[in-house]
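Heads up: the protein sequence lines correspond to chains B and F, in order.
Mapping the first sequence onto our numbering, position 301 (from 1) lands on 320, and the numbers just tick up by one.
Mapping the second sequence onto our numbering, position 167 (from 1) lands on 186, and the numbers just tick up by one.
Heads up, the beta-carbon is just placed ideally off N, CA and C, and yes, glycines get one too.
Read the structure below first, then the notes.
Protein chains: 2
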Amino acid sequence: MSAASPTPTSLRVALLGGGTVGTEVVRLLTADSSDFSARVGVPIQLSAVAVRDLSKPRPGIPSSLLTDDALAVATSGADIVVEVMGGIEPARSLILAAMAAGSSVVTANKALLAEDGASLYEAARKFGVDLYFEAAVAGAIPLIRPLRESLAGDQVSKVMGIVNGTTNFMLTRMDEDGADYAEVFDEANALGYLESDPTLDVGGHDAAAKAAIIAELAFHTRVTIDDVYCEGITQVTSTDIKAAQDMGFVIKLLAVAERTDAGVIVRVHPAMVPRDHPLASVRLSFNAVFIEAESAGQMMFYGRGAGGAPTASAVLGDLVAAARNRLSGGQGPGESTYLDLPVLGIGEAQTRYYVNLDVADKPGVLASIASAFAENGVSIQVVRQDGHGDEAGLIVRTHKASDQSLRQTIDALSKLDTVRRVLGVMRVEGEPGA
Amino acid sequence: MSAASPTPTSLRVALLGGGTVGTEVVRLLTADSSDFSARVGVPIQLSAVAVRDLSKPRPGIPSSLLTDDALAVATSGADIVVEVMGGIEPARSLILAAMAAGSSVVTANKALLAEDGASLYEAARKFGVDLYFEAAVAGAIPLIRPLRESLAGDQVSKVMGIVNGTTNFMLTRMDEDGADYAEVFDEANALGYLESDPTLDVGGHDAAAKAAIIAELAFHTRVTIDDVYCEGITQVTSTDIKAAQDMGFVIKLLAVAERTDAGVIVRVHPAMVPRDHPLASVRLSFNAVFIEAESAGQMMFYGRGAGGAPTASAVLGDLVAAARNRLSGGQGPGESTYLDLPVLGIGEAQTRYYVNLDVADKPGVLASIASAFAENGVSIQVVRQDGHGDEAGLIVRTHKASDQSLRQTIDALSKLDTVRRVLGVMRVEGEPGA
């Protein structure tokens, strides 16, 4: 089969956004232009770079390419429009306008995809153009392409990701150096790791946007950020870190997307992971995504999840794919929501839990606590009793239980006179040894 | 752009090979046929399965599909021909015949790709069909697609892979359980892990074929298995394992493809890897590939590298990609050898080394040994002296040195009367902490 239109002799690329990622994209496209020509088949020409503030110096971007008329750039009929400005608006309108003008779109915009990916897919379908977004999740780590293409012949059952480098850096420092939350927050801030609104990182919202994108691709079901249960790391204490260590676990902020018999559950929360699980060794600002699929089994992808250069690498890989499609007359994968599974709330999630209790050192303590678990249908896997006298602590790890059963258990425990305080409650993920 | 031909309303797939992988492909295509239809856009019909021996029972493959006329299946004009029979011939002739008949090809044939990938690419180009081969390297782990597509906008500098599960299983058992080579060979044999010709595994030839395929994609330069230096694990001793442990290293059979200023070097050999390197934690029969790229930085892909189900998962992902191209009129990536870098011999490789010496316990030993290294231009990084009297051992870890310099050093050491025996020599890979 051959394309009806004549094969273009060069391709035009227009860029929306001239920040860190945009500048790196320009640099690489310019520095390695003969490589790109060879890899695509024809020369790639950068036609324009739209920025908000023309007066700001943009070292590395030729001034002749700069303009503040983003709509004109978006609708210039470029073969490919690259959107690296971020945010919902005007990014959405510009992408839709670019597609209407016949341009394929490469975007790194996780917030927009997680909120309204459906509009972008719909426009791509309507206008017969490509929508690529590898850079939106886990930076340079190829994850979107494997989910959309490599695993297109498999059934994914669960995805667990460390997809926010800032919080992983903070948790690593707490784990390895005994720093407390306030200290590592300040450190991350000083290093420039935190978003201008830090709650996007520490509140888990950045991870939640990525979780929604991952879940939609993994389960062929529309998922938006509103479907994602989101709990950040602000409540993680040194006590939790220490308890995790004592049990052979490490605390990670996980983005989890899983398929159960009843539907799809997508959640972001801190979790205890066994030290011998592949995700446990993902340190500092690295990202990793662990996938379980029916035929492929367990897989993990690991690498740099953020930063100008890694993000630009992902953008340029997409750009080459979109360019090759232009030349061959083909089209990349579109939206796949055919399974249309129910998206369930966190109440339906079944996970294991860790519960850390400050207890009175008197006879019958364990019996009363065990009853509280049993009466609420939560089965205990391991109990560990530390110290004695005024220092008595009891750590319980449960078998799988529902969110609701666990909450009821915690309520019941709080009312026991043998329990002085509930010191910590956290989900446990990853089978030991897996 | 739209395809000139009318969009097909269904796609025909023909299979060459009815072994473990072929049977699993049939099972999945049949069991999940509505999923495939939804993901591709039209129904996929399995038209025939060619096998060598029709009299052999093939549970799971409908007998109406079976035939021993492989050429008829290859040239039946199916939209996609899947080749999972393996070996050079008749696989090559059948694939070329299928392409000439207008079929896209999905193959898991690492031996053929490593020996004569060029012929397959050439035919794919000539007849305007796709050639996909994700299953040929690292089974279910998406690696080929990331190299061909995701990293198409980046410059890969080095790839290091654990790509043979059998030898990784053997080395893991030697490391963790103190078993010696003969024991773990027997164990791997009893578990059915070894190829019918075990030298393919333990001699490193299976890994070498995969290394050639990886290197060609990573460096846009034609590489065949004849270009790959290949050393297996048969010489790895318990002494090496123990020495590695004492230094905080673990021994892995690595497939290394690297780009130097002078060209490309591709090699397979056992190497000591620091325990905190991501590859060190890849245990038992798991595979992993570690990639360093200019913009993306360090990445690792981890998962099941072999087995019927994981291999079938990779085949089916390719099948969906080829099918989508059929429908959209597009074409997947072709051969990319535009860089055409010189492919260098092992003599040009610069690596660090471990050298384990049984030495006489007399004054001046270290001085004479240090001189032998220095005179041959090999710089010492660490020396570690163990025991004394008749048990004296000396372990040296070098800075980067050429293969030739190291060989000359070992020659010189062997001639020293202070050196009783060279107990072990092995390359060291992976920067500590990386």
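Please name the residue in the options whose C-alpha comes closest to that of residue i.
| i | options | result |
| --- | --- | --- |
| B/R71 | B/R77, B/V59 and B/D87 | B/D87 |
| B/A331 | B/S95, B/T49 and B/G396 | B/T49 |
| B/D245 | B/R278, B/T191, B/A237 and B/V285 | B/V285 |
| F/V160 | F/S74, F/F305, F/V438 and F/A312 | Checking the sequence, you will find Ile at residue 160 of chain F rather than Val. Answer by Cα proximity: F/F305. |
| B/D359 | B/R241, B/L298 and B/L150 | B/R241 |
| F/I399 | F/D405, F/K381, F/S424 and F/A226 | F/S424 |
| B/G324 | B/G336, B/A307, B/V334 and B/M318 | B/A307 |
| F/V59 | B/E108, B/S82, B/D173 and B/A143 | B/D173 |
| F/E311 | F/V301, F/P297, F/T28 and F/K261 | F/P297 |
| B/S74 | B/S66, B/A67, B/A328 and B/L85 | B/L85 |
| F/D149 | F/L190, F/P109, F/N183 and F/D98 | F/D98 |
| B/A171 | F/A171, F/A57 and F/L131 | F/A57 |
| B/S138 | B/S82, B/G121 and B/S112 | B/S112 |
| F/A368 | F/A420, F/R77, F/D54 and F/E235 | F/A420 |
| B/V247 | B/M291, B/V362 and B/G136 | B/V362 |
| F/Q404 | F/E394, F/A386 and F/A393 | F/A386 |
| F/G105 | F/Y372, F/N187, F/L132 and F/I270 | F/L132 |
| B/R343 | B/G38, B/F55 and B/D51 | B/F55 |
| F/A299 | F/G364, F/Y212, F/G449 and F/L115 | F/G449 |
| B/A117 | B/A130, B/K129 and B/A142 | B/A142 |
| F/C249 | F/Y372, F/L65, F/V269 and F/A290 | F/A290 |
| F/R278 | F/L303, F/L115, F/R371 and F/H239 | F/H239 |
| B/Q427 | B/A119, B/I414, B/I365 and B/N395 | B/N395 |
| F/A356 | F/V283, F/I270, F/A120 and F/S82 | For clarity, residue 356 of chain F is Thr in the given sequence; the question names Ala instead. Nearest C-alpha to F/T356: F/V283. |
Residues in its own chain within less than 6 Å of residue i by CB, not counting five upstream and five downstream?
| i | result |
| --- | --- |
| F/V103 | G36, V40, G41 and A127 |
| B/V438 | L376, V378 and L432 |
| F/D389 | The amino acid at residue 389 of chain F is misidentified as Asp; the sequence shows Ala. Once the five neighbours on either side are set aside, F/A389 has no close Cβ partner at all. |
| F/A22 | Caution applies to F/A22, whose pLDDT of 44 falls short of 50 and renders its modelled position unreliable; the value that the coordinates give is listed next. Taken in chain order, the residues that qualify are G348. |
| B/R44 | Here the sequence assigns Val to residue 44 of chain B, which means Arg is not the residue at that position. Cβ neighbours of B/V44 beyond the five flanking positions: A331 and V334. |
| B/Y321 | A307 |
| B/F392 | I399 and T428 |
Quick test of your reading: residue i and residue j, contact by CB under 8 Å. State the CB separation rounded to the nearest angstrom.
| i | j | result |
| --- | --- | --- |
| B/V374 | B/V444 | 5 Å |
| F/R416 | F/V447 | 6 Å |
| B/G336 | F/E168 | 6 Å |
| B/A226 | B/A276 | That pair is no contact at about 11 Å. |
| F/V68 | F/L34 | 4 Å |
| F/A328 | B/S314 | 4 Å |
| B/A341 | B/Y140 | Not confirmed; about 15 Å, so no contact. |
| F/E235 | F/G147 | Their Cβ separation, rounded to whole angstroms, is 22 Å, which puts F/E235 and F/G147 out of contact at 8 Å. |
| B/G223 | B/V287 | 4 Å |
Between residue i and the rest of its own chain, which residues show a CB-CB distance below 8 Å, the 5 nearest in sequence each way excluded?
| i | result |
| --- | --- |
| B/G383 | T437 |
| B/R345 | P27, L30, D98, I99 and S123 |
| F/A281 | P361, L363 and E367 |
| B/A411 | D377, V378, A379, D380, V384, Q404 and D405 |
| F/R371 | Q400, R416, T417, H418, K419, A420, R446, V447 and E448 |
So, for residue i: in the same chain, excluding its five sequence neighbours on each side, which residues have a beta-carbon less than 7 Å away from its beta-carbon?
| i | result |
| --- | --- |
| B/E134 | I107, T243 and I244 |
| B/T28 | V61 |
| B/V456 | In this structure chain B extends from 20 to 453, so residue 456 of chain B is not present and cannot be described. |
| F/T258 | N375, L442 and G443 |
| B/N183 | D220, D225, A226 and L272 |
| F/E206 | R192 |
| F/M20 | With a pLDDT of only 39 at F/M20, under 50, the local geometry of the prediction cannot be trusted, and no value is derived from it. |
| B/R164 | E153 |
Would you check if there are 3 or more beta carbon pairs closer than 8 Å linking the region 153 to 173 of chain F to the region 249 to 256 of chain F? no
Which runs of the alpha helix (DSSP H), 4 residues or longer, sit entirely within the region 205 to 293 of chain B? 218 to 221, 224 to 238 and 257 to 266
Is the region 183 to 200 of chain B touching the region 88 to 95 of chain B, taking contact as three or more C-beta pairs under 8 Å? As far as the Cβ criterion goes, the region 183 to 200 of chain B does not touch the region 88 to 95 of chain B, which means the pair count is below three.
In chain order, what are the residue ranges of uninterrupted beta strand (DSSP E) at least 3 long that sit wholly in the region 367 to 424 of chain B? Taken in chain order, the whole beta strand (DSSP E) runs of length 3 or more contained in the region 367 to 424 of chain B are 369 to 378, 399 to 405 and 412 to 417.
Closer than 8 Å is the cut-off here; do at least three beta carbon pairs connect the region 220 to 239 of chain F with the region 171 to 181 of chain F? yes
In chain order, which beta strand (DSSP E) runs of at least 3 residues are fully inside the region 59 to 112 of chain B? 63 to 69 and 99 to 102
Just list the alpha helix (DSSP H) runs in the region 422 to 451 of chain F, keeping only unbroken ones of 4 residues or longer that don't cross its boundaries, in chain order. 422 to 434
Taking only runs of the beta strand (DSSP E) that begin and end inside the region 113 to 169 of chain B, which ones reach a length of at least 3 residues, in chain order? 123 to 126
Which runs of the alpha helix (DSSP H) at least 4 residues long sit entirely within the region 322 to 372 of chain F? Give them in chain order. With a minimum length of 4 residues, the continuous alpha helix (DSSP H) runs that stay inside the region 322 to 372 of chain F are 327 to 347.
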